[in-house]
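Undergrad:
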Amino acid sequence: MSANKGWWVPPDSEDSLSEKFLRKTRESPLVPVGVGGCLVIAAYRIYRLKARGPTKLSIHLIHTRVAAQACAVGAIMLGAVYTMYRDYIKRVSEDPDK
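Start counting the sequence shown at 1; every next residue gets the next number (the UniProt record's numbering).
#1: Run through the UniProt domain "HIG1" (1-94) for me and flag every whole alpha helix (DSSP H) of 4 or more residues, listed as ranges in chain order.
#2: For A67, collect the residues of the same chain with a Cβ closer than 7 Å to its Cβ; drop the 5 residues on either side in sequence, then sort them by chain order.
#3: Among the residues of its own chain, which have a CB less than 8 Å from the CB of Y82, if the five just before and after it don't count?
#4: To the nearest angstrom, how far is the alpha carbon of K90 from that of V73?
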């Protein structure tokens, strides 16, 4: 039947990973901001793991997760507010006759 079923080569028409990432970044610029913020917060909290004092490890990790999620949710909310501004307020002010 087929020579090698485990081998897969993407078609030439598809974008590479970096091109796809750049295109998605241009479409929604706050996604990389949210991901970057999560990574920065997680890295900082893991770095500060030694200086947590008498706090239990599980509590420290829960606080790390909550802070990273808050950064991601904040980026999503900023994106939603910007989209609403762009679609409703800015468009209405440019087209007053509609």
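For every residue, glycine included, the Cβ atom is placed at its ideal position computed from N, Cα and C.
TA: Taking the coordinates as given:
#1: 17-27, 30-47, 57-84 and 91-94
#2: I41 and R45
#3: L30
#4: 24 Å
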